[in-house]
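Engineer: Just so you know, the protein sequences line up as chains A and B, in that order. The first sequence finishes on residue 156 if you use the working numbering, and the numbering steps up by one all the way, no holes. The second sequence finishes on residue 764 if you use the working numbering, and the numbering steps up by one all the way, no holes.
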Amino acid sequence: MAMTQQELVDMLSSLTLFADLSRPQLEQVAHKMTEESYPVGQRILRQGFTGTGFYVILDGEVAVKIDGDERAKLGKGDFFGEMSILLGEPPVADIVTLRQLHVLHLGGPELEGFLRDHPQVMFRMLKAIAMRLRNASRWRS
Amino acid sequence: MSLTTQEKAAALGRVPLFAGISDESMARLAAAAGEQDFAAGQFIVRQGQVGTGLYLVLDGMVKVVRGADELARLGPGEFFGELSVIDQQPRNASVQAAQATACLALASWDLLALLGSDPQLSLNLIRGLVARVRSAGEQHRH
Chain A
16 MAMTQQELVD MLSSLTLFAD LSRPQLEQVA HKMTEESYPV GQRILRQGFT
66 GTGFYVILDG EVAVKIDGDE RAKLGKGDFF GEMSILLGEP PVADIVTLRQ
116 LHVLHLGGPE LEGFLRDHPQ VMFRMLKAIA MRLRNASRWR S
Chain B
623 MSLTTQEKAA ALGRVPLFAG ISDESMARLA AAAGEQDFAA GQFIVRQGQV
673 GTGLYLVLDG MVKVVRGADE LARLGPGEFF GELSVIDQQP RNASVQAAQA
723 TACLALASWD LLALLGSDPQ LSLNLIRGLV ARVRSAGEQH RH
């Protein structure tokens, strides 16, 4: 499962979140974040419990569940965990793996510094969250 | 109303979105912000149009409407329009002056340029949006 640094950087360059980064910047990201794998059925974030980090999906799929109801699915290139870190609040949803999951993980306390160091990633994240807010509003209407 | 750059900076400084940004960024924001007055009933932004800017209400009251539904009312210190600036998608609601209203308007390109140069501003925006995603289950906001 573990990829070479070269393969990892190639994969990161294909993700929207990292699309504006140069090769050396992608290498920094690959160095800073930790690769992790999870089996099917594992809860990575727990609703109501303190979050443990920021995750970017490299491969696989997770369900976003609120009170047991599936609200969304996330796959390659999607990310999760940033909301509770940035707000300093526990997650409002469970994140459960639907397929074998391969992610990059960054510890919660490191996220803000990471975003400041990579403003292009922060802007991509901003756009993704703006889209999420639009969808959330539309979904309610 | 006719505001000096210092008065514009003071008004912008009271908005959580702009808390903690550098003096230099605040000076650039204030210089770029223009005051606009709207008569009661006048549309400030229209649903379906691509966003051209962010508006901060200085005085008066606006209503956020989608079709025939009134979604919210915003008064002094509240802002709208930032979502369209960020994702350049059509606005998902209209905003209309409910009474004579004065706003500070920031053009999309000025705000985007500042986002690129001041990470604190981007972080504030992300926090603001994330908080709204969380509350979207309970209430509407455009």
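In this text, a Cβ means the ideal position worked out from N, Cα and C, and glycines have one as well. In this text, all values refer to a predicted model and were calculated from it rather than measured experimentally.
1) Quick one: is Val717 (chain B) near chain A, going by C-beta distance under 8 Å?
2) What does the alpha-carbon distance come out to for the pair Ala727 (chain B) and Leu678 (chain B)?
3) With burial defined as no fewer than 16 other Cβ atoms inside 10 Å of the residue's Cβ, what is the status of Ala108 (chain A): buried or exposed?
4) Distance check for Glu125 (chain A) and Asp132 (chain A), CA to CA, integer angstroms please.
5) Can you list the residues of chain A that Asp709 (chain B) reaches, using a CB-CB cut of under 8 Å?
6) Between Arg725 (chain B) and Gln658 (chain B), is the Cβ-Cβ spacing less than 8 Å?
7) In chain A, what lies closer than 8 Å to Ile666 (chain B) by C-beta?
8) Taking 8 Å as the threshold (beta carbon to beta carbon), is Arg749 (chain B) in contact with chain A?
9) Could you check where the beta strand (DSSP E) with Gln710 (chain B) kicks off and where it finishes?
10) At what residues does the alpha helix (DSSP H) containing Glu97 (chain A) begin and finish?
11) Helix, strand or coil for His133 (chain A) per DSSP?
12) In terms of residues, what are the limits of the alpha helix (DSSP H) holding Lys630 (chain B)?
13) For Arg139 (chain A), count neighbouring C-beta atoms within 10 Å of its own C-beta (all shown protein chains included) and say buried if the count is 16 or more, exposed if not.
14) Can you name, in chain order, every residue of its own chain whose Cβ lies under 8 Å from the Cβ of Pro638 (chain B), other than the five neighbours on each side?
15) Starting from Asp691 (chain B), trace the alpha helix (DSSP H) both ways and give me its first and last residue.
16) Return no unless some Cβ of chain B is closer than 8 Å to the Cβ of Glu125 (chain A).
17) For Glu700 (chain B), which of helix, strand or coil comes out of DSSP?
18) Within the continuous alpha helix (DSSP H) that includes Leu113 (chain A), where are the two ends?
19) Could you work out which residue in B:Pro698, B:Val752, B:Ile748 is closest to Arg636 (chain B) when comparing CA atoms only?
20) In whole angstroms, give me the CA-to-CA distance for Phe94 (chain A) and Arg149 (chain A).
21) For Lys88 (chain A), does the count of other Cβ atoms within 10 angstroms reach 16, so buried, or fall short, so exposed?
22) Out of curiosity, what's the CA-to-CA distance linking Phe129 (chain A) and Val684 (chain B)?
23) Just confirm the distance between the C-beta atoms of Leu718 (chain B) and Val672 (chain B), as a whole number of angstroms; I'd bet it's less than 8 Å.
24) Looking at the C-beta of Leu89 (chain A), does it have a partner C-beta in chain B at a distance below 8 Å?
25) Should Val79 (chain A) be flagged as near chain B, meaning a C-beta pair shorter than 8 Å?
26) Tell me which residues share the same chain as Gly96 (chain A) and place their Cβ nearer than 7 Å to its Cβ, disregarding the 5 neighbours each side in the sequence.
27) If you draw a straight line from the C-alpha of Leu737 (chain B) to the C-alpha of Lys142 (chain A), how long is it?
Structural biologist: Working from what's here:
1) Interface with chain A (8 Å Cβ-Cβ cutoff): Val717 (chain B) is excluded.
2) Going by the C-alpha atoms only, they are around 6 Å apart.
3) Around the beta carbon of Ala108 (chain A), 16 or more other beta carbons lie within 10 angstroms, which makes this residue buried.
4) When rounded, the distance between both Cα atoms is 11 Å.
5) Result: Lys142, Ala145, Met146, Arg149.
6) Per the sequence shown, residue 725 (chain B) should be read as Cys rather than Arg. In this structure, Gln658 (chain B) lies closer than 8 Å to Cys725 (chain B) by Cβ.
7) The contacting residues do not exist; Ile666 (chain B) stays about 19 Å from chain A at best.
8) True, the Cβ-Cβ gap to chain A drops below 8 Å.
9) Boundaries cannot be given for Gln710 (chain B), as no beta strand (DSSP E) includes it and DSSP labels it neither H nor E.
10) Glu97 (chain A) -> alpha helix (DSSP H) spans 97 to 102.
11) His133 (chain A): coil per DSSP, three-state reduction.
12) Counting along the chain, the alpha helix (DSSP H) containing Lys630 (chain B) begins and ends at 627 to 635.
13) Arg139 (chain A) comes out buried.
14) Cβ within range, chain order: Asn746, Gly750.
15) Run containing Asp691 (chain B): none in the alpha helix (DSSP H); it sits in the beta strand (DSSP E), 691 to 696.
16) Closer than 8 Å: no.
17) Glu700 (chain B) falls in the coil class under three-state DSSP.
18) Judged by DSSP secondary structure, Leu113 (chain A) falls outside any alpha helix (DSSP H) and instead within the beta strand (DSSP E) spanning 109 to 121.
19) The shortest CA-to-CA distance from Arg636 (chain B) to any of B:Pro698, B:Val752, B:Ile748 is the one to B:Pro698.
20) In this structure, the alpha-carbon of Phe94 (chain A) lies about 17 Å from that of Arg149 (chain A).
21) Result: exposed.
22) Computed Cα separation, rounded: 38 Å.
23) Checking the displayed sequence, the identity of residue 718 (chain B) turns out to be Gln instead of Leu. Wrong, their Cβ atoms sit about 18 Å apart, outside the cutoff.
24) For Leu89 (chain A), no CB of chain B lies under 8 Å from its own CB, so it is not counted at the interface with that chain.
25) Judged by the 8 Å Cβ criterion, Val79 (chain A) is not in contact with chain B.
26) In chain order, Leu60, Gly66, Gly68, Phe69, Tyr70 place their CB closer than 7 Å to the CB of Gly96 (chain A), counting only its own chain and leaving out the 5 sequence neighbours on each side.
27) When rounded, the separation of the alpha-carbon atoms in Leu737 (chain B) and Lys142 (chain A) is 12 Å.
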